[in-house]
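First up is the structure itself, then whatever we jot down about it.
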Amino acid sequence: MKTKTNGNKFEIDMCNGSIMDKLISFSLPLMLSSILQLMFNAVDIIVVGRFSGRQALAAVGSTTALINIFTNLFIGISLGANVLAARYFAAGRDKEMSEAVHTAITLALISGIMMAFIGIGASGFALRLMDTPSDVIGQSAIYMRIYFMGMPFFMLYNYGAAILRAVGDTKRPLLFLIAAGMANVALDLLLVIAVPLGVAGVAIGTVASQLVSSLLVLRCLYKAESSYQLRFSKLTVKIEYLKRIFQVGIPAGIQSTVINFSNAMLQSSVNSFGATAMAGYTAANNILGFLYVSVNAVTQACMSFTSQNYSVGKQKRMDRVFLDCIILSAGAAAFLGVGAYVFGSRLLQIYTADMDVIQCGLEILSITTVPYFLCGIMDLIPGALRGMGHSAVPMILSIIGTVGTRILWIYGFFPQHRSLHFLFISYPGSWIFTILMQAVCFYFVRKQCILHLNNRKGIA
Numbered sequence: 003m004k005t006k007t008n009g010n011k012f013e014i015d016m017c018n019g020s021i022m023d024k025l026i027s028f029s030l031p032l033m034l035s036s037i038l039q040l041m042f043n044a045v046d047i048i049v050v051g052r053f054s055g056r057q058a059l060a061a062v063g064s065t066t067a068l069i070n071i072f073t074n075l076f077i078g079i080s081l082g083a084n085v086l087a088a089r090y091f092a093a094g095r096d097k098e099m100s101e102a103v104h105t106a107i108t109l110a111l112i113s114g115i116m117m118a119f120i121g122i123g124a125s126g127f128a129l130r131l132m133d134t135p136s137d138v139i140g141q142s143a144i145y146m147r148i149y150f151m152g153m154p155f156f157m158l159y160n161y162g163a164a165i166l167r168a169v170g171d172t173k174r175p176l177l178f179l180i181a182a183g184m185a186n187v188a189l190d191l192l193l194v195i196a197v198p199l200g201v202a203g204v205a206i207g208t209v210a211s212q213l214v215s216s217l218l219v220l221r222c223l224y225k226a227e228s229s230y231q232l233r234f235s236k237l238t239v240k241i242e243y244l245k246r247i248f249q250v251g252i253p254a255g256i257q258s259t260v261i262n263f264s265n266a267m268l269q270s271s272v273n274s275f276g277a278t279a280m281a282g283y284t285a286a287n288n289i290l291g292f293l294y295v296s297v298n299a300v301t302q303a304c305m306s307f308t309s310q311n312y313s314v315g316k317q318k319r320m321d322r323v324f325l326d327c328i329i330l331s332a333g334a335a336a337f338l339g340v341g342a343y344v345f346g347s348r349l350l351q352i353y354t355a356d357m358d359v360i361q362c363g364l365e366i367l368s369i370t371t372v373p374y375f376l377c378g379i380m381d382l383i384p385g386a387l388r389g390m391g392h393s394a395v396p397m398i399l400s401i402i403g404t405v406g407t408r409i410l411w412i413y414g415f416f417p418q419h420r421s422l423h424f425l426f427i428s429y430p431g432s433w434i435f436t437i438l439m440q441a442v443c444f445y446f447v448r449k450q451c452i453l454h455l456n457n458r459k460g461i462a
């Protein structure tokens, strides 16, 4: 099958040549983008923690799991747009590529508007459902409602960036995030320190930064001289492409949403320890976020590379991509996880000077950081399966393994051993169990895909 040749210096030829250096070239800007995004989000936490107090810090942190529950279904669907666009681009199917892009961007706009209304309307109820303490819930609700006003911008950026990743361009989204993050930091300092708006100030800064990043990515697509060029007059939803996006994206979104629901239940357990533990979890969870985005960047690379090579029938190259991604993911997670464990106290001091909060954060980091390479492997296998067009089964296994294990732990064992350390043992335990199930799934799906590719070659 004819493969797409690169006509843009930002694109990566995923179907020919060496693999490891291209994986690194793809993953590193994406990793830096995600790390920068977390750093700018960390500025929100640091600024309110330092200048607005413990309750404001707990208020911002208590919304994280809820926000992820509301948003991750649609962010997961963007993975479907990534896989579909990668296939069309690699195969040189320009008409289908263009129609898929316009369907994806329209979907992003519609879903963003929907999420804005849902988040604003349901935030207070959801916070009460999670037993958010009365001294925190008012500020938490303010933060969430303002945050969700930026959902249309948030969705447009993520879907636009997914399209760019599909063609191997992870560098320009990095530049866009740098610009947006600088705007976020400036507004945080202005609206929390100079104009003491507290949690409302950091929420406004976040929405403004999302607006900046969405405008930049849309401008990039508009000016593209390729099949993924965006024209606003062509925005539409074509059912054929929507179904294909949903086929991969909805299971991925459901998986992410349900896993974050388990994290929300865990957040509820942390809430039972009070505002100090909530603040410690907020800081520790932010550090764990840096580890996650590092391994997830490799997962995104695996998905895009696998999807392109699957579309042109290069099964051996798909296998090599998967093995190289395991090496990259496990290596990065092990290095960063050990570093977070060794320097945990110093890292937590960036967020707060409260020693009780730091101690709570250290309890969480002591059990979750060193084995984090397991989370990387657990995240990688579904990425490879999605690249091959299989998203439903890994979703089911991830829900059973991750969510099921954590629910059993939270409601079965935790009540008899109430400590943050014991609560977070559920993390590595769920990673191991999920990997075992996913590995079996990957073996059988790979055999099926090899058979499909061989049959396709025979027909050709």
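In terms of our numbering, the sequence shown is numbered consecutively and its last residue is 462.
Cβ atoms here follow ideal geometry from the backbone N, Cα and C, with glycine treated the same way.
- Around the beta carbon of Phe72, 16 or more other beta carbons lie within 10 angstroms, which makes this residue buried.
- As the crow flies, the alpha-carbon of Gly346 is around 39 Å from that of Ala88.
- A Cβ-Cβ distance of about 5 Å is found for the pair Leu86 and Ala102, placing them in contact under the 8 Å criterion.
- For the pair of segments examined, the stretch 380-395 was found to touch the stretch 249-262: the number of CB pairs separated by less than 8 Å reaches three.
- Spatial neighbours of Val297 in its own chain (CB-CB distance under 6 Å, excluding positions within 5 residues in sequence) are listed in chain order as Ser331, Ala335, Gly378 and Asp381.
- At least 9 Å separates the beta-carbon of Asn273 from that of Asp46.
- By the CB criterion at 9 Å, Ala342 and Ile289 fall inside the cutoff.
- Setting aside the 5 residues that flank it on each side, Arg233 is surrounded in the same chain by His104 and Tyr224, each with a C-beta closer than 8 Å to its C-beta; the list follows chain order.
- Contact check for Ala92 against Asn262 fails: the beta carbons are separated by 9 Å or more.
- Taken atom to atom, the span from the alpha-carbon of Ile256 to that of Ile398 is near 9 Å.
- Considering only Val295, Ile21, Val219 and Leu422, the residue with the shortest C-alpha distance to Glu365 is Leu422.
- About 7 Å separates the beta carbon of Phe416 from that of Phe424, a gap short enough to meet the 8 Å contact definition.
- The beta carbon of Thr404 sits closer than 7 Å to those of Ile261, Ser264, Ser432 and Thr436, all from its chain and outside the five residues before and after it, given in chain order.
- Taking one beta carbon from each stretch, the stretch 368-378 and the stretch 280-295 have 3 or more pairs nearer than 8 Å; the two touch.
- By the criterion of at least three beta-carbon pairs nearer than 8 Å, the stretch 128-142 is not in contact with the stretch 155-172.
- Positions of the alpha helix (DSSP H) runs, each at least 4 residues long and wholly inside the stretch 368-441, are given as 374-389, 394-400, 407-410 and 422-425 in order along the chain.
- Only exposed fits Glu242, as fewer than 16 other CB atoms lie within 10 angstroms of its CB.
- Within the same chain, Leu387, Met390, His392 and Val395 come within 8 Å of Val447 by CB-CB distance, once the 5 residues on both sides are set aside.
- In the three-state reduction of the DSSP assignment, Leu199 falls in the coil class.
- In the structure shown, Ser229 adopts coil according to DSSP, grouped into three states.
- Beta-carbon to beta-carbon, Gln39 and Leu179 are separated by about 6 Å, close enough to satisfy the 8 Å threshold.
- For Lys97, the enclosing alpha helix (DSSP H) covers residues Asp96 to Leu131.
- Under the 10 Å beta carbon count, Tyr283 is surrounded by 16 or more other beta carbons and is classified as buried.
- Rounded to the nearest angstrom, the Cβ distance from Val204 to Val49 is 6 Å, consistent with a contact under 8 Å.
- In this structure Ala441 is exposed. Its beta-carbon is surrounded by fewer than 16 other beta-carbon atoms within 10 angstroms.
- A straight-line Cα-Cα distance of about 10 Å links Thr354 and Arg348.
- Per DSSP, the continuous alpha helix (DSSP H) segment holding Phe155 begins and ends at Met153 to Ala168.
- DSSP, read as helix, strand or coil, puts Glu242 in helix.
- Annotated as distal: Met439 and Ile412, with beta-carbon spacing of 9 Å or more.
- Each of Ile452, Met280 and Leu32 was checked against the Cα of Phe12, and the nearest Cα belongs to Leu32.
- Per DSSP, the continuous alpha helix (DSSP H) segment holding Val344 begins and ends at Gln317 to Val344.
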